[in-house]
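Residue numbers for the sequence shown follow my numbering, beginning at 9 and rising by one.
Cβ atoms here follow ideal geometry from the backbone N, Cα and C, with glycine treated the same way.
Keep in mind it's a predicted model, so treat the numbers as computed, not measured.
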Amino acid sequence: MEINQIYVNLPVKDVQKTREFWTKLGFSINEQFSDEKAICVIMKQDHIYTMFLKEEFFQTFTDRPVAKGDTTQTLLAIGVKSREEVDEMVKTATENGGSKYSEPRDYGWMYQKTFSDLDGHQWEVLFSDMSQLPADF
9 MEINQIYVNL
19 PVKDVQKTRE
29 FWTKLGFSIN
39 EQFSDEKAIC
49 VIMKQDHIYT
59 MFLKEEFFQT
69 FTDRPVAKGD
79 TTQTLLAIGV
89 KSREEVDEMV
99 KTATENGGSK
109 YSEPRDYGWM
119 YQKTFSDLDG
129 HQWEVLFSDM
139 SQLPADF
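Given below as structure tokens:
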């Protein structure tokens, strides 16, 4: 089996504020799957999408309680092309309502920073240079 698309679904309090936040980070919205209850953020065209669903709408897809942002259900990671892009994305996120979650981590071959979005979801932004990966890793 080969997976050709990934959809990550996350609950949010305010769909419009979430739309503004992610477009300020430079992402596009798939309007076909977006309305007042949800937005579809294109993470990688034709392959990776994040559906941000209003909490009440999100709840209709599960019988389990929905995490409220003060617990950790999942850690989300975004790979970018450079250390500068890591810094820029986290800077833009924090300038637009997100918050810095942890101190930067630099492993030589991998550099990462983490922010929390408007609803407390943790996003790890990372750059990896596999040519610098230690041989004994």
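Item, Value
"Nearest residue (CA-CA) to K62, options K108, T79, D43 and F123", "D43"
"Three-state class that DSSP yields for T58 in the structure shown", "strand"
"Contacts around G87, its chain only, beta-carbon distance under 6 Å, and the 5 residues preceding and following it disregarded", "L134"
"Reduced DSSP category for V49 - H, G, I as helix; E, B as strand; rest coil", "strand"
"Cβ separation of F35 and M51, assumed to be a contact under 8 Å, to the nearest whole Å", "7 Å"
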